[in-house]
Amino acid sequence: MTPLAAAANENLAEISNYLIYSSMAVYMLAFFAHIAEWTFGSRSKVARTAAALTGAKETGAARAAAPAVQVRGKAGATAVLDQPKVTTRSAAGIRDVPDGPGAAGGTVQGDLYGRIAVSLTALAFLVEAGGVVARALSVQRAPWGNMYEFSITFSTVAVGAYLVLLALKKNVRWLGLILVTTVLLDLGIAVTWLYTDSDQLVPALHSYWLWIHVSTAIFCGAVFYIGAAGAVLYLFRDSYESQLEAGRTPGKFRTSVLERLPSAASLDKFSYRINAAVFPLWTFTIIAGAIWAGDAWGRYWGWDPKEVWSFVTWVAYACYLHARATAGWKGRKAAYLALFAFACWIWNYYGVNILLSGKHSYAGV
Amino acid sequence: MSTTDKASPETSDETTDETTDETPGETSEAESRASAAADATDAAAGAQLSTAPLEDSPGGPAVGIGVIGWARWFWRQLTSMRVALILLFLLSLGAIPGSLIPQNNVDALKVASWKRDNPSWVTVAEKLQLFDVYSSVWFSAIYLLLFISLIGCIVPRSWQFVGQLRGRPPGAPRRLDRLPAHTTWRTEKTPDEVLSYARTVLRGSRFRTELGKGQVAAEKGYLREAGNLIFHVALIVMLVAFAWGQYFKSEGGKLVLRGSGFSNTLTQYDDFKSGGLFDPDDLPPFSFTLDRFDATYEMTGPQRGTPRDFKAYVTFSEGAHGTPQKREIQVNKPLEVDGSKVYLLGHGYAPIVSVTDPTGKVIFKDAVPVLPQDANLTSTGAVKVTDGYKDKDGKTEQLGFNAVFVPTFAGEGKGTMFSQFPALLMPRLMLNAFHGSLGVDSGLPQNVYVLKTDKMEPFKDESGQQFKQKLELGQTMTLPNGAGTVKFEGIERWATFSVTQQPGSGLALAGAIAAIAGLAGSLFIQRRRIWVRAVTGKDGVTVVEMAGLGRSESTRLPQELAELAATLHQQAPSAPAALAETRVEETPEGERG
Ligand code: HEM
């Protein structure tokens, strides 16, 4: 590397650091906006969950949510009224409660702050993504050589996935506050404890498998995180709903927060969908890693700590998917399995990289 | 869950209950009389949307059915989803200790030091086979049970699935409006017209359809089940491939000095491990010479000394008398020969040392490989002069030297003999000299990197201390009392290669790819049924009803039903009178989920 190029690269690395710090500042603002959203939202007095749960007993469980069929006629005119309307019914054994109105609680002011928070999150995402790209340019390789780089990519992907879900008009704004908080935590840990100057890779990492294996690993982790957040909220919301069902009155704060979340059934489904959707990719990640290990170390599976924990995580998620298909294991038990599986993932990331030594010694801390 | 409902093999599915849960108060007298027969159709409608096994209730077999009864009960338990779940969970827990406690097959040295550090645990850990978790009896038991369970699960499911493929979509349940997605309208077309349109529409969307009395039944998404079965079969394939690889694999290591060669026979290896069924004749014949080895390191910055690039240049020839070819071997780019792979593992230095006897005759000159002890290649080894040395008095003896080599010395007075950088910036060789018997004649194999000094005497300097000296390149040290000289002549490089044969990896890869494909099919494809019913109402207008049922609640099902209904509706538009009816059906909230 010529000194000139080296200097340019150091500049880029500096720029990357500035961008990461700036994104943290913007995430901070998004955090406060979300807090405002929840605060204003707490003034709404909707209490729809309680109403639905007590009302449901008399009216029976039939509720209708209809994707109205809209078909455009040949002339471009919309013909809605004379189209058949589809009524849906949820399955037996599922509490028939509507989703909460979201953090803003249907209040105009709360909604405004919520929108501000989402916009700020989107801005922070762009800045952070810029930071990751600058880092990649500064080393002229995939920005996944050490834990600092994993961490900044990890949170970028998690926020990106959230924004994509929002853009697809999925009901995920309830995730905002938790996500922004953990992203701040992740970045905080990254810049204080995990920071490593930008640098080249050790020979074992010189491989196009780095692009494939590590990028999918980070992506899976980030999306599993979103699934796990859904599972945690499901557990809270579910116990809140069963409290209501049993005729007890949950605490005021509890009610105010949980009332606004989607229904337990929705959260459960959300978490399942996310986890199930990433599971094949996680399977692929492990296999890609095995192929790479075959090239780099002469054996595709050697029970190195990293491999062990990837395997444990994989089996735990398989367990979760089985649990979902097994009577008596749906719901809370399955959610605990999902959380166990995600805890394995997190441990594989922080614990194994830092505390256990193995061939995957790229922690760089 | 209705455990008595044997008509439905799918009690594990929430949607089954959907079709059977009748609210008694709602049905009229006449209806309930017909309901016994109708219940069967209802159950069949939701049945066999999957081949997932029945949930067995816990508890032993009925009393007094003997060994066979117990065996059957045990088999049913083993192949149930619940036990599969428990075994899977145990497998994930069982894998954990192997990552926390060092493993023999990963790093035997670490096992030894763990045992030294935790003496009180050694007996327990050894009893539990904690140093060999992945080949331990208990770990093997878990996965073998799991795979037996898996086979016991797949075989009946496959038959069932074949049966489902041969069969036709089941008829509609009585009350279509109780299904997860439902729609209805009235049209002026006749029922037969509507049904024939419906069939065309459904077929156009690649549903399998079955025309019944006043209804069309349709089903789609069989690939889900196929994917699920493929996935589970692929798991077995992978396990077989893994076991195959374990039994037939071989792995040998060889240190090759620059300029020297290696040919692939058992005797040439420094160390060799193989599976139980490996046959040395399976080693493919080839040989290579190491022509050059390049290593580059980070020269500056906080990661100074971190390796950046390793490359071994070899002249390689395949077979006994192949034509020599130039090849490169890098860390991620092994050389592949006929089922074997040659990997570049490590590298290091070999100081070239020459030794003269008291008369000045050179009796030893060789490159002596030394083994790296740290990332900066501080290396240790031994120089052993076995033959040709006679001391001043003409007595035959052997000479031995403990060697410490550093490629980059910290500098005089720094008080450390640890290397500061892995490349040869300031090489130094420190030798401790001994004479006597090396103990190599006993016939026992000896570690070439370690000097056994129990039958040797150290050379002493004037003050009676062990004689040792640090040599620069080209420097000579003179042994006390004219016992001879030792010269640090030069430095050679070496690289270690590992040659592995791992049969079955192709099969494992095929299994892995099939597993991912099957999994994707299993998770992303929905198996669902759609029924269309068209009957003439009391007023002579045709009432069309459409409903859908999926394996699980899905937002896509109502969407799909809506689209199909819209298409069908174009051909069988609403009768004018029906307009008002559809309009009043208000929906309180939006789509959920
Ligand atoms: C080697 C261990 C196993 C692994 C890693 C594994 C993994 C999985 C995964 C990831 C799924 C989710 C796919 C889906 O939901 O369609 C699944 C589904 C399923 N597994 Fe397994 N499985 C294993 C063993 C077994 C065994 C022993 C049985 C039989 C008792 C079994 C029966 C099933 C069934 C019936 C489904 C489908 C559930 C449904 O249709 O929703 N599996 N398995």
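First to last, the protein sequences are chains A and B.
Oh and the first sequence: position 329 is 329 in full-length UniProt numbering, straight run, nothing missing.
Oh and the second sequence: position 482 is 482 in full-length UniProt numbering, straight run, nothing missing.
The beta carbon of each residue, even a glycine, is placed where N, CA and C say it ideally should be.
From Glu-457(B), Ala-112(B) and Leu-255(B), residue whose alpha carbon lies closest to that of Pro-102(B)
Stepping through the second sequence from its first residue, residue 102(B) is reached at position 102. Checking every option, the nearest Cα to that of Pro-102(B) belongs to Ala-112(B).
Below 6 Å, is the gap between the Cβ of Ala-334(A) and the nearest heavy atom of ligand 1?
By 1-based counting over the first sequence, the position of residue 334(A) is 334. Not one heavy atom of ligand 1 lies closer than 6 Å to the C-beta of Ala-334(A).
Apart from the five residues on each side of it in sequence, which residues of its chain come closer than 8 Å, Cβ to Cβ, to Leu-90(B)?
Residue numbering aside, residue 90(B) sits at position 90 when the second sequence is read from its first letter. Cβ neighbours of Leu-90(B) beyond the five flanking positions: Ile-142.
Which residue comes first and which comes last in the beta strand (DSSP E) that contains Tyr-349(B)?
Looking up residue 349(B) in the second sequence gives position 349. First-last of the beta strand (DSSP E) with Tyr-349(B): 340–356.
Residue(s) in a DSSP beta bridge with Glu-545(B)
In the second sequence, residue 545(B) corresponds to position 545, counting from 1. According to DSSP, Glu-545(B) bridges with Thr-184(B) and Arg-533(B).
Using a Cβ-Cβ distance under 7 Å, would Asn-298(A) count as near chain B?
In the first sequence, counting from the first residue as 1, residue 298(A) sits at position 298. Residue 298(A) is actually Gly in this sequence, not Asn. Yes, because at least one Cβ of chain B sits closer than 7 Å to the Cβ of Gly-298(A).
Return the chain-ordered ranges of every alpha helix (DSSP H) run that is complete within the segment 265–318 of chain B and spans a minimum of 4 residues.
Within the segment 265–318 of chain B, no complete alpha helix (DSSP H) run reaches 4 residues.
Contact under 7 Å by Cβ, Ile-178(A) with Ala-246(A):
For the purposes of this step, residue 178(A) is taken as residue 178 along the first sequence, with counting starting at 1. For the purposes of this step, residue 246(A) is taken as residue 246 along the first sequence, with counting starting at 1. No, they are not a contact pair.
Min CB distance Met-81(B) to chain A below 7 Å:
Position 81 of the second sequence, counted from the start, is the residue given in the question as residue 81(B). Yes, Met-81(B) counts as interfacial toward chain A.
C-alpha distance - Leu-235(A) paired with Ser-271(A), whole-angstrom precision
Along the first sequence, one-based indexing puts residue 235(A) at 235. Along the first sequence, one-based indexing puts residue 271(A) at 271. Between Leu-235(A) and Ser-271(A), the C-alpha separation is close to 11 Å.
Please name the residue in Ile-65(B), Gly-152(B), Phe-409(B) and Gly-439(B) whose C-alpha comes closest to that of Met-426(B).
To locate residue 426(B), count along the second sequence from 1; it is residue 426. Checked all of Ile-65(B), Gly-152(B), Phe-409(B) and Gly-439(B); the closest Cα to Met-426(B) is Phe-409(B).
Which first and last residues belong to the alpha helix (DSSP H) in which Arg-248(A) is found?
Residue mapping note: residue 248(A) aligns to position 248 of the first sequence, counting from 1. Taken as a continuous stretch (DSSP letters only), Arg-248(A) belongs to no alpha helix (DSSP H), as it is neither H nor E.
Under 7 Å, do Ile-274(A) and Gly-227(A) count as touching if we go by C-beta distance?
Taking the first sequence and counting its residues from 1, the one referred to as residue 274(A) is at position 274. Taking the first sequence and counting its residues from 1, the one referred to as residue 227(A) is at position 227. Yes, the pair counts as a contact, with Cβ atoms nearer than the cut-off.
Quick one: is the Cβ of Thr-79(B) within less than 6 Å of any heavy atom of ligand 1?
To locate residue 79(B), count along the second sequence from 1; it is residue 79. With a threshold of 6 Å, the Cβ atom of Thr-79(B) counts as near ligand 1, since some heavy atom of the ligand is closer than that.
7 Å Cβ cutoff, Phe-89(B) in contact with chain A
One-based indexing of the second sequence puts residue 89(B) at position 89. By this cut-off, Phe-89(B) is an interface position.
Closest to residue 366(A) by CA distance: which of Ile-152(A), Pro-305(A) and Asp-111(A) is it?
Residue 366(A) cannot be examined here, being either before or after the span of chain A that is shown, 1 to 365.
Within the segment 161–222 of chain B, note down every full alpha helix (DSSP H) run reaching 4 residues or more, in order along the chain.
Uninterrupted alpha helix (DSSP H) stretches at least 4 residues long and entirely within the segment 161–222 of chain B occur at 191–204, given in chain order.
Going by the DSSP bridge assignment, what does Leu-431(B) pair with across the sheet?
In the second sequence, the residue the question calls residue 431(B) occupies position 431. Beta-bridge pairing links Leu-431(B) to Ala-403(B) and Gln-469(B).
Please state if the CB of Leu-187(A) and the CB of Ser-155(A) are separated by a distance shorter than 7 Å.
Numbered from 1 along the first sequence, position 155 holds the residue referred to as residue 155(A). Numbered from 1 along the first sequence, position 187 holds the residue referred to as residue 187(A). Yes, the pair counts as a contact, with Cβ atoms nearer than the cut-off.
What does DSSP give as the partner residue(s) for Asp-366(B) in the beta ladder?
Sequence index remark: in the second sequence, residue 366(B) carries index 366 (1-based). The partner list for Asp-366(B) (beta bridge, DSSP) reads Val-353(B).
Using DSSP's beta-bridge definition, name the partner residues of Thr-88(A).
Residue mapping note: residue 88(A) aligns to position 88 of the first sequence, counting from 1. Residue pairing by DSSP places Thr-88(A) opposite Ala-181(B) in a beta bridge.
Taking Ser-271(A) as the query, report the chain B residues whose CB atoms sit under 7 Å from its CB, ordered along the chain.
As a working mapping, residue 271(A) is identified with position 271 in the first sequence. Here the premise fails: no neighbours, minimum Cβ distance about 12 Å.
Buried or exposed, going by whether 16 or more other CB atoms sit within 10 Å of the CB of Asn-348(A)?
The count along the first sequence starts at 1 and reaches residue 348(A) at position 348. Looking at its Cβ environment, which holds 16 or more other Cβ atoms inside 10 Å, Asn-348(A) is buried.
Specify the secondary structure class of Arg-527(B) as computed by DSSP and reduced to three states.
To locate residue 527(B), count along the second sequence from 1; it is residue 527. In the displayed model, Arg-527(B) falls within coil according to three-state DSSP, outside both helix and strand.
Show which residues of chain B have a CB atom less than 7 Å away from the CB atom of Asn-315(A).
Numbered from its first residue, the first sequence carries residue 315(A) at position 315. Here residue 315(A) turns out to be Val, not Asn, going by the sequence shown. Listed by position along chain B, the residues whose Cβ is nearer than 7 Å to that of Val-315(A) are Leu-88, Leu-91 and Ser-92.
Do Ile-212(A) and Ala-288(A) have their C-beta atoms within less than 7 Å of each other?
On the first sequence, residue 212(A) is found 212 positions in, with the first residue counted as 1. On the first sequence, residue 288(A) is found 288 positions in, with the first residue counted as 1. Contact flag set, yes.
Cβ of Ile-148(B) within 7 Å of any chain A Cβ:
Locating residue 148(B) in the second sequence gives position 148, counting from the first residue. Judged by the 7 Å Cβ criterion, Ile-148(B) is not in contact with chain A.
Quick one: which chain A residues come within Cβ less than 9 Å of Tyr-134(B)?
On the second sequence, position 134 is the one that residue 134(B) refers to. Within 9 Å Cβ-Cβ: Trp-303 and Val-308.
Closest by CA to Ala-547(B), which one among Thr-88(A), Leu-355(A) and Phe-31(A)?
If you number the second sequence from 1, residue 547(B) lands on position 547. Selected option, being the one with the closest Cα: Thr-88(A).
At least one CB of chain A closer than 7 Å to the CB of Leu-85(B): is that the case?
Stepping through the second sequence from its first residue, residue 85(B) is reached at position 85. Yes, its Cβ sits closer than 7 Å to a Cβ of chain A.
Minimum Cβ-Cβ distance from Gly-98(B) to chain E less than 7 Å
Of the protein chains in this structure, namely A and B, none is chain E.
Where the beta strand (DSSP E) through Pro-558(B) begins and ends:
On the second sequence, residue 558(B) is found 558 positions in, with the first residue counted as 1. No beta strand (DSSP E) holds Pro-558(B); the alpha helix (DSSP H) holding it covers 556–571.
For His-182(B), return the contacting residues in chain A, with the cut-off set at a CB-CB distance below 8 Å.
Your numbering for residue 182(B) matches position 182 in the second sequence. Ordered by position in chain A, the residues that pass the 8 Å Cβ test against His-182(B) are Val-86, Thr-87, Thr-88 and Arg-89.
Should Lys-85(A) be labelled buried (16 or more other beta-carbon atoms within 10 Å of its own) or exposed?
If you number the first sequence from 1, residue 85(A) lands on position 85. Per the 10 Å Cβ criterion, buried.
Euclidean distance between Cα positions of Leu-321(A) and Glu-307(A):
Stepping through the first sequence from its first residue, residue 321(A) is reached at position 321. Stepping through the first sequence from its first residue, residue 307(A) is reached at position 307. Taking the straight line joining both Cα atoms gives about 21 Å.
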